[in-house]
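The structure appears below as structure tokens.
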Amino acid sequence: MAERRLLHKTKLADFKNWLCSDGWRIEDTKGYYEVLRARKGKRLFILYKRLDRGDHYSVMEKDVGVIRAFIRDSKEANNGYAWHISNLVIYDKPKELSEFHKRCNDIYGCGAMPPLTRPPQNWCYVEESEVKNDL
Numbered sequence: 001m002a003e004r005r006l007l008h009k010t011k012l013a014d015f016k017n018w019l020c021s022d023g024w025r026i027e028d029t030k031g032y033y034e035v036l037r038a039r040k041g042k043r044l045f046i047l048y049k050r051l052d053r054g055d056h057y058s059v060m061e062k063d064v065g066v067i068r069a070f071i072r073d074s075k076e077a078n079n080g081y082a083w084h085i086s087n088l089v090i091y092d093k094p095k096e097l098s099e100f101h102k103r104c105n106d107i108y109g110c111g112a113m114p115p116l117t118r119p120p121q122n123w124c125y126v127e128e129s130e131v132k133n134d135l
């Protein structure tokens with residue numbers, strides 16, 4: 001048994017539909033650990049529960065290609081799953097680091113907030129302020 005975490009449990013119904021549309025025939029499972037059993041011609045595919053009860057199912061090494069084909073086809077149909085940037089603004093001139101500040105929710109003022117010393121990371125949210133400082 002290979003330790004493969006390729007198919008998330010939430011994708012099982014989509015994967016079954018994809019198998020059927022690809023010519024696979026769904027069969028009854030055998031044993032406690034089998035989640036899905038399918039056959040295409042003489043080729044047998046079995047999807048297993050994981051021993052650690054993680055969020056993904058496991059397959060044998062010979063069946064990894066079937067899962068990868070499903071993932072590839074799903075990405076092509078849905079343009080992939082990734083971060084989405086809405087209202088993207090591209091500036092002609094890069095902003096100076098001094099133009100950014102940390103958000104402060106302190107009712108006594110934010111004078112003690114240290115200045116930024118590095119640009120925001122990719123996981124940080126950057127919001128455009130309505131207030132324009134003419135310093």
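Mapped onto our numbering, the consecutive letters of the sequence shown carry residue numbers 1 to 135.
We put the CB at the ideal spot given by N, CA and C, even for glycine.
Residue closest to residue i, alpha-carbon to alpha-carbon, out of the options
i     : options                  : result
Ser98 : Leu116, Trp24 and Cys104 : Leu116
Collapsed DSSP secondary structure at residue i in the structure displayed
i     : result
Phe45 : strand
Arg53 : coil
Leu12 : helix
Leu6  : coil
Glu96 : coil
Own chain, CB closer than 8 angstroms to residue i, minus 5 neighbours either side, in chain order
i      : result
Lys9   : Asp55, His56 and Tyr57
Arg118 : Leu97
Cys20  : Ile26
Asp32  : Looking at the sequence itself, residue 32 is Tyr, so the reference to Asp does not match. Excluding residues within five positions, the ones whose Cβ falls inside 8 angstroms are Lys49.
Proximity below 8 angstroms, CB of residue i to CB of residue j
i     : j     : result
Lys30 : Arg37 : yes
Phe45 : Trp24 : yes
Ile26 : Lys11 : no
Ser74 : Asp14 : yes
Glu34 : Tyr48 : yes
7 angstroms CB neighbourhood of residue i in its chain, flanking five on each side removed
i     : result
Ile67 : Leu6, Leu7 and Val59
Arg4  : Ser58, Val59 and Val64
Residues that residue i bridges to, as DSSP identifies them
i     : result
Ile26 : Ala38
Ser58 : Tyr48
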